[in-house]
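With positions in the sequence shown counted from 1, the corresponding number in this note's numbering is that position plus 1.
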Amino acid sequence: MKFFEEKRKEVMGHIEKFMLEKMNEYLKPIDTIWQPSDFLPDASRDTFFSEIKEMQESARGLSYDLVAVLIGDTITEEALPTYESWLTMVEGVSDNEEGGWMKWTRHWTAEENRHGDLLNKYLYLSGRVNMRAMEVSTQYLIADGFDIGTGHDPYRNFIYTSFQELATNVSHRRVASQAKKDGDTLLSKMCGVIAGDEARHAKAYKYFIEKIFEVDPNEAMLAFEDMMRKKIVMPAHFLREVGLKIGQTFGHFTDAAERLGIYTAIDYVDILKELIEDWHIESVIDLKEDGEKARDYIMNLPNRLIRVAERMKNPMLEYKFSWIYG
């Protein structure tokens, strides 16, 4: 175990310089990047109340399922304290408070923090959401934490974040598209810029794993296989409402996303295919016997998952969330 940890720290030290070289490409300058206030009514203007009324009229056109998915996405974004504390526990990150990996973690967190701020304020002003019920769910999600099967291993953690950033990009992008169809162009713009952030962050974490594959291919392949055997769980898989047990609301949230085509089992497979292609899994060299077996498993997995996805029925269950009025 000690050798395992030291090797991981050595690799993290090696790829840190590559991360720092690319950091300005994957994270934008704070002074110029968008902020939530760029999209929201300005309370100092005489037009504030008329703008809110206009917002609420547009929000009335959103389908029930879309509001449910948007709230679930918002709560997921608002649970940011969990994700930051989790990243600081990864091997090789918090060894040096002023080191490159802590710098990355803080700056990544700062960018992500804007997402929950923007969506939370939109939902509050929309007039369609029981904010207290939503806030209780957010507090529960932070207090309950999550178990994503990565431990403190940077390989497994960065594989997870690569997958998860791609998944959140898909979800926010599809919500943006659906909101536009429902007549809410402001919400569409909001989710569109958030999706853009997630796409950049996905490129970063994919790049980190790409560099890990260059120096420790066998262990990287084993980590990839392990994460896919466990299945990539969503950060909000413990989602619940007041009076419910851990995770009881998550299934209803994902059902709504599946019904709308916001995020589906096929999307899960498509993200896996993208990672296999971007990390050149088929052509990775210097693998040991267990690494070759891991590669075989990964390469065959998309077709297996597609067959499972094709047999899945679109969820029809109607569920009333405590978060939504009416």
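Backbone N, C-alpha and C define an ideal beta-carbon position, used for all residues, glycine too. Just so it is clear, the structure is predicted and the values come from calculations on it, not from any experiment.
Considering only residues of the same chain and omitting the five flanking positions on each side of residue i, which have a CB-CB separation below 8 angstroms?
i, result
"P1", "Here the chain comprises residues numbered 2 to 327, so residue 1 is not present and cannot be evaluated."
"N131", "S323, W324, I325 and Y326"
"A111", "I31"
"D154", "R9, V91, E92 and A224"
"K18", "G101"
Could you check the C-alpha separation between residue i and residue j for me, to the nearest Å?
i, j, result
"D102", "M317", "Looking at the sequence itself, residue 102 is Trp, so the reference to Asp does not match. Those two C-alpha atoms are separated by around 44 angstroms."
"Y156", "I263", "28 angstroms"
"W35", "D297", "43 angstroms"
"Q179", "A258", "11 angstroms"
"I233", "T48", "45 angstroms"
"L120", "G193", "12 angstroms"
"G152", "N158", "8 angstroms"
"W105", "L88", "10 angstroms"
"R107", "E85", "8 angstroms"
"T255", "Q249", "11 angstroms"
"N315", "Q165", "23 angstroms"
"I31", "R308", "45 angstroms"
"G14", "D287", "21 angstroms"
"R9", "A266", "32 angstroms"
"M24", "E99", "15 angstroms"
"A44", "I53", "10 angstroms"
"M20", "D66", "39 angstroms"
"F251", "I282", "32 angstroms"
"G93", "N219", "19 angstroms"
"I299", "L306", "11 angstroms"
"E215", "N97", "24 angstroms"
"D148", "H116", "22 angstroms"
"E319", "E136", "23 angstroms"
"R46", "D39", "14 angstroms"
"E22", "S284", "26 angstroms"
"H50", "N301", "Checking the displayed sequence, the identity of residue 50 turns out to be Phe instead of His. Straight-line Cα distance between these residues: approximately 56 angstroms."
"E6", "P236", "25 angstroms"
"I247", "K321", "18 angstroms"
"M313", "T33", "45 angstroms"
"H253", "W109", "30 angstroms"
"L245", "K29", "39 angstroms"
With a threshold of 7 angstroms on Cβ separation, who are the neighbours of residue i within its own chain once the five nearest residues in sequence on each side are excluded?
i, result
"S127", "M56, Q57 and A60"
"L223", "D291, G292 and A295"
"A177", "S189, C192, G193 and A196"
"I160", "I210, A224, F225 and M228"
"K204", "Y27"
"R260", "D66, N315 and P316"
"Y141", "R241"
"R201", "Y27"
"T169", "E199"
"D185", "S59, A60, G62 and L63"
Going by the CB atoms, is the gap between residue j and residue i shorter than 8 angstroms?
i, j, result
"K231", "G150", "yes"
"L1", "Y125", "Residue 1 falls outside the range modelled here, since the chain spans only 2 to 327, and no answer is possible."
"F12", "D217", "Per the sequence shown, the amino acid found at residue 12 is Val instead of Phe. Yes, the Cβ-Cβ distance between V12 and D217 is below 8 angstroms."
"V68", "R129", "yes"
"D118", "P37", "yes"
"T83", "I143", "yes"
"D337", "G73", "Coverage of the chain is limited to positions 2 through 327, which leaves residue 337 absent and any answer about it impossible."
Excluding the 5 residues flanking residue i on each side, which residues of the same chain have their C-beta closer than 6 angstroms to its C-beta?
i, result
"E113", "L81"
"K207", "S163 and D279"
"T139", "I76 and E79"
"L167", "A203 and I272"
"A221", "Y156, I213 and F214"
"K289", "N219"
"A310", "A266 and I267"
Inspect the CB distances between the segment 227-240 and the segment 70-78 and report whether three or more fall short of 8 angstroms.
Three or more beta-carbon pairs separated by less than 8 angstroms link the segment 227-240 to the segment 70-78, which places the two stretches in contact.
Ignoring anything shorter than 4 residues, give me the alpha helix (DSSP H) runs that lie fully in the segment 222-276, in order along the chain.
Fully enclosed alpha helix (DSSP H) runs of 4 or longer: 251-261.
| task | Answer yes if the segment 189-208 comes into contact with the segment 169-178, meaning at least three C-beta pairs across the two stretches below 8 angstroms, and no otherwise. | result | Contact between the segment 169-178 and the segment 189-208 is established, with three or more Cβ pairs separated by less than 8 angstroms.
Practice task
Can you check the segment 132-188 for any alpha helix (DSSP H) of at least 4 residues that lies completely inside it and give the ranges in chain order?
Solution key: Runs found: 132-145 and 155-182.
3 or more residues per run - each beta strand (DSSP E) lying fully within the segment 269-327 = Counting whole runs of 3 or more residues, the segment 269-327 contains no beta strand (DSSP E) stretch at all.
**OP:** Within the segment 52-93, note down every full alpha helix (DSSP H) run reaching 4 residues or more, in order along the chain.
**Re:** Within the segment 52-93, the complete alpha helix (DSSP H) runs of at least 4 residues are 65-79 and 81-89.
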